[in-house]
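Asks:
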Amino acid sequence: MRFKNRFLQYRIRQEDTKTPTKEKIEYDQILQSIKQAIQLNFGDYGYACIQKSINVRLLEDDGSSFIVKVPRDSQQMARVAIAFITKVGSHRVAMQFIRASGRPS
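As structure tokens, then:
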């Protein structure tokens, strides 16, 4: 059986503009925030659906853009959970969805 995945591209908009920081957002911080958001919003069922197959890749060195690999069947759940993320590590952020692979135009 073949497992189909979707790749979701996001841009991170940091809301900490008053205090410039040298810290960049790391991929493990993003991954942890996504897992926590799914656990909070969808409980154990949601977490079990994505825990083994979710993956995050940074596109920009400063951590402002990333791609999330999720199972195709859990794509909507991941998109909703990521929309509710307001904090990654010590940074207040807003997640902007850019596009998803494999979707009909």
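Sequential numbering of the sequence shown, starting at -18, is according to our numbering.
By construction, the Cβ of each residue, glycine as well, lies at the ideal position given by its N, Cα and C atoms.
Which residue comes first and which comes last in the beta strand (DSSP E) that contains Arg80?
Replies: Start and end: 72 to 81.
Asks: Are Arg(-17) and Val51 close, meaning C-beta to C-beta below 8 Å?
Replies: No; because the gap between Cβ atoms is not below 8 Å, this pair is not in contact.
Asks: When DSSP labels each residue in this structure, what does Ser86 get in the three-state scheme?
Replies: The predicted position of Ser86 is uncertain, since its pLDDT is 43 and thus under 50; no value can be drawn from it.
Asks: So, is Ser86 buried or exposed, given that buried needs 16 or more other C-beta atoms within 10 angstroms?
Replies: Low confidence applies to Ser86: its pLDDT is 43, below 50, so where it sits in the model is not reliable enough to give any reading.
Asks: Excluding the 5 residues flanking Ile48 on each side, which residues of the same chain have their C-beta closer than 6 Å to its C-beta?
Replies: Taken in chain order, the residues that qualify are Phe(-12), Gln(-10), Arg38.
Asks: Give the DSSP-derived three-state secondary structure of Ile63 in the structure shown.
Replies: Helix.
Asks: What residues in its chain sit with their C-beta under 6 Å from that of Asn36, if we drop five residues either side in the sequence?
Replies: So the qualifying residues of the chain are Lys50.
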